[in-house]
Amino acid sequence: MRSALVHNLCDRRLQALAVVTGLVLATFAVRTVPLTRDGIEMLAVVDITGSMNVRDYQRADGTAASRLDTAKAALRELVSQLPCGSRLALAIFTERRPFLLFTPIEVCRDFSPLDGALGSLDWRMAWEGDSRISAGLFRSIEMAASLGTDLVFITDGQEAPPLPSIGGPSYEGKAGAVRGLIVGAGGTALAQIPKFDDRGRETGFYGETDVQQENRFGPPPTDAENRPGYDARNAPFGGTAAKGTEHLSSVREPYLKTLAGETGLAYAHLDGPGGLLRPLLDAGTPRPLPGSLDLRPLLGSAALALLLAVFAVRPLRALVRRGGSRPLRWKKA
Amino acid sequence: MTLLSRFGTTLPLVLWLLPLALLPLVASSQRRTAVSAIAAVPFDGVSRAIGWALKLAGLFAIGGLILALAGPYRSGETVTRTGIGAQVSMLIDRSGSMNETFAGKQPSGAEESKAAASRRLLGDFVGSRAHDQFAVTAFSTAPMLVVPMTDRHDAVRAAIGAIDRPGLDYTNVARGLAMALSQFGAEAASISRAVLLVSDGAAVIDPKIQGALRAEFAKIRPNLYWLFLRTKGSPSIRDKPAGEDTPQAAPERHLDLFFKSLGTPYRAFEAEGPEAVAEAIRQIESLERDPIPYTEQRPRRDLTPFAYALAAFGLLVLLAGKLLEADPGRAERRRMTRSPTPRDITEERRLAA
């Protein structure tokens with residue numbers, strides 16, 4: 000009897016089963032291993048000016064979605080994807096400055112108020128109609144620096160009024176001091192900008208004469224002399240009203256990329272209601288967060304693989320030996 | 000179905016491996032022994048039972064492991080309890096003048112701006128009682144919903160933390176009030192609800208909007224508190240203007256009159272310094288003491304250990320089977336020295352299976 004036991008103990012499959020059992024029993028003993036993960040702390044600044052109402056995105060069901068709606072959806076998805084312990088502050092941008100709604104909020108524990116706040120972003124919160132992107136961006140960088148966070152600045156890059164011929168203000172801060180991302184929202188084709196009345200009802204689209212097509216502050220452009228009706232004193236910008244496409248809107252990628260280069264931020268295009276996580280993790284400062292690693296799946300999968308081998312190796316080997324033919328059958332006499 | 004829907008797995012895709020648990024039905028971990036005629040072995044119920052038990056044990060072992068890897072859990076539940084507290088919808092003025100001191104100057108040195116003082120004191124107010132719920136709305140030219148009604152006090156404090164940032168231009172109370180009122184949900188009217196307006200000025204409320212506001216106040220019937228941060232030297236709520244008594248000439252006084260005419264419980268606190276603000280907040284806190292239902296989230300329960308226990312049980316049975324397994328071939332080889340025991344016969348179950 001004892002010799003049978005010893006004989007059994009020498010069996011490979013018994014040994015394998017013993018290892019499997021050992022692994023499974025070990026799952027009751029192991030504790031989680033503490034480790035650090037990379038989280039993000041960021042200030043999201045969302046452009047809520049009129050051009051963000053342009054509907055040049057499509058929802059999954061095929062209906063048109065505005066740039067602002069898409070940006071909101073992307074931020075909400077981002078918040079749900081960020082590792083716990085990451086924090087988000089939110090500001091809105093219009094005129095020439097960001098307006099801080101709240102200082103950083105943790106994305107997991109306080110998810111529901113954060114999600115609610117992102118969901119209720121509205122163009123109606125805007126306090127003025129101008130949209131001076133560069134000024135807003137520079138001040139957003141200052142704000143992010145004061146909060147000690149990275150920056151995500153979502154805009155379509157359309158300056159209103161348009162920049163003067165000499166270009167916009169230049170960045171005076173230290174490039175790269177605040178890390179982050181400029182997100183360009185909008186399609187590359189020109190699209191109409193919806194117009195709203197003073198009670199917030201949509202009344203059509205902006206026409207060519209509704210908006211300022213050319214910035215006539217500062218010195219005139221160098222080619223002004225060739226314009227019809229040019230007069231150095233009385234009509235330095237030419238004698239006719241400016242024509243242009245400022246009443247239409249597309250994402251101004253070259254301009255935003257220039258701004259990004261000037262300020263040391265990265266640039267990414269908003270392709271739809273998602274996809275912000277990867278560029279943000281690449282551009283942002285990784286912040287170590289306490290996390291934990293559960294070792295049980297490791298033990299469990301090793302145990303499962305070995306256990307399957309115990310059952311399957313013999314029959315498979317036999318199959319190979321037979322060259323794939325069916326096993327012999329013993330028939331009842 | 001409701002019982003089942005409370006269970007879930009973190010990696011449901013792993014469950015597709017579950018058919019592998021049927022492997023023990025076609026393959027065995029026991030030895031295979033060739034005999035010349037299975038029909039020659041007498042029918043043995045115990046052997047059959049052991050054979051099936053081993054198959055089941057294998058099924059449990061593999062199935063249990065796959066289940067454990069999928070990460071089973073029973074989802075947490077939300078329990079509603081009753082505590083003491085109130086729903087407070089804060090409406091905070093973020094106009095530029097809030098960044099000045101109570102003396103109407105730019106803050107310097109140890110002086111505190113009106114916004115910084117209210118930030119500090121309101122921040123203490125939030126979270127002093129565990130079951131209060133807050134919503135924060137900011138207003139200047141336009142109302143801005145900052146944080147919807149929530150019991151997450153960290154988030155509310157983060158919203159209050161932003162109020163001493165540079166403000167905007169105007170004080171447009173009417174639309175702010177409408178938004179602050181809209182923060183109250185459709186819960187039972189027994190909850191104590193309060194609107195807390197913090198501002199350092201007032202504005203004329205458009206008569207067209209007055210009617211709508213009145214209707215909203217009548218429907219929700221919140222307690223209304225106006226914390227008026229008065230700059231030294233500026234008119235008080237109660238001062239009658241020397242000239243014409245119109246809303247344009249004395250907006251503070253007329254906003255106060257409007258609030259009084261609403262028919263809802265209303266108190267105005269005029270604060271000319273941080274101490275007065277603190278005192279007003281203390282009073283509001285003591286006034287808002289009613290039972291409030293709040294929800295408590297019970298954490299979800301990890302069921303992985305149970306799946307591992309199932310696997311361990313199956314494995315132990317399999318191990319026992321392996322350990323006590325007979326080897327008829329080996330017995331054959333040793334027949335010369337000893338005769339087979341009855342136990343060896345019963346364990347020829349593999350042949351039957």
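These protein sequence lines map, in sequence, to chains A and E. Using numbering that gives the first Met the number 0, you'd call the opening residue of the first sequence number 0 and step up by one each time. Using numbering that gives the first Met the number 0, you'd call the opening residue of the second sequence number 0 and step up by one each time. All C-beta atoms in this analysis are idealised placements derived from N, C-alpha and C, irrespective of residue type, glycine included.
Quiz prompt | Chain-ordered neighbours of E324(E) on chain A, where CB pairs are closer than 7 Å | solution = N7
Quiz item: Can you give the Cα-Cα distance for A240(A) and P246(E), rounded to whole angstroms?
Solution: 44 Å
Quiz prompt | Opening and closing residue of the beta strand (DSSP E) in which A90(A) lies | solution = R86 to T93
Self-check item: Short-range partners of chain E found in the region 264-296 of chain A, where Cβ spacing is below 8 Å
Solution: R295 and P296
Quiz item: If we ignore side chains and look at the alpha-carbon of each, how far apart do G135(A) and P264(E) end up?
Solution: 43 Å
Self-check item: Contact check, L264(A) vs L146(A), beta carbons under 8 Å
Solution: no
Self-check item: Simplified DSSP state of P272(A), which is helix, strand or coil
Solution: coil
Practice problem: Would you decide whether W51(E) is buried or exposed? Buried here means 16 or more other CB atoms lie within 10 Å of its CB. | Solution: exposed
Quiz item: Nearest chain A C-beta to D205(E) closer than 8 Å, yes or no?
Solution: no
Quiz item: Roughly how many angstroms lie between the CA atoms of S260(E) and G175(E), to the nearest whole one?
Solution: 19 Å
Exercise. Specify the secondary structure class of A116(A) as computed by DSSP and reduced to three states.
Key: helix
Quiz item: Within 7 Å: the Cβ of T136(E) and any heavy atom of the ligand FMN?
Solution: Looking for the ligand FMN in the displayed structure turns up nothing, as the structure carries no ligands at all.
Quiz item: By the 10 Å Cβ neighbour count, where 16 or more other Cβ atoms means buried, how is P422(E) classified, buried or exposed?
Solution: Absent from the model: residue 422(E). The displayed extent of chain E is 0 to 352, so no value can be given.
Quiz item: When you compare each of R286(A), V309(A) and L307(A) to C83(A) by their alpha carbons, which one comes out closest?
Solution: R286(A)
Quiz item: Is the distance from the Cβ of E215(E) to the Cβ of L180(E) below 8 Å?
Solution: yes
Self-check item: For D205(E), the nearest candidate out of K231(E), Y224(E) and A177(E) (CA to CA)
Solution: A177(E)
Quiz item: What do you reckon, are the CB atoms on N98(E) and P142(E) nearer than 8 Å?
Solution: no
Quiz item: Between D388(A) and the rest of its own chain, which residues show a CB-CB distance below 8 Å, the 5 nearest in sequence each way excluded?
Solution: Because chain A here runs from 0 to 332, residue 388(A) falls outside it and cannot be looked at.
Practice problem: Please name the residue in P290(E), L314(E), S285(E) and A319(E) whose C-alpha comes closest to that of L24(A). | Solution: L314(E)
Quiz item: Any beta-carbon of chain E closer than 8 Å to the one on M51(A)?
Solution: no
Quiz item: Cα separation between P298(E) and R288(E)?
Solution: 29 Å
Quiz item: With 16 as the cutoff for other CB atoms within 10 Å, does K331(A) come out buried or exposed?
Solution: With a pLDDT of 47 at K331(A), under the threshold of 50, the modelled position of that residue is not reliable, and no figure is offered here.
Quiz item: What is the residue span of the alpha helix (DSSP H) that A179(E) lies within?
Solution: V172 to L180
Quiz item: Excluding five sequence neighbours on each side, which residues of the same chain lie with their C-beta closer than 8 Å to the C-beta of E201(A)?
Solution: P193, K194 and F195
Practice problem: Look at the alpha carbon of E40(A) and the alpha carbon of T48(A), and state the distance between them as a whole number of angstroms. | Solution: 25 Å
Quiz item: Any residues in the region 139-157 of chain E with a beta carbon nearer than 7 Å to a beta carbon of chain A? Which ones, in chain order?
Solution: S139, T140, A141, M143, L144, V145, V146, P147, T149, R151, D153, A154 and A157
Quiz item: Near E269(E), what residues of its chain come up, given a Cβ to Cβ distance below 7 Å and the 5 sequence neighbours on each side ignored?
Solution: F227, R229, S235 and I236
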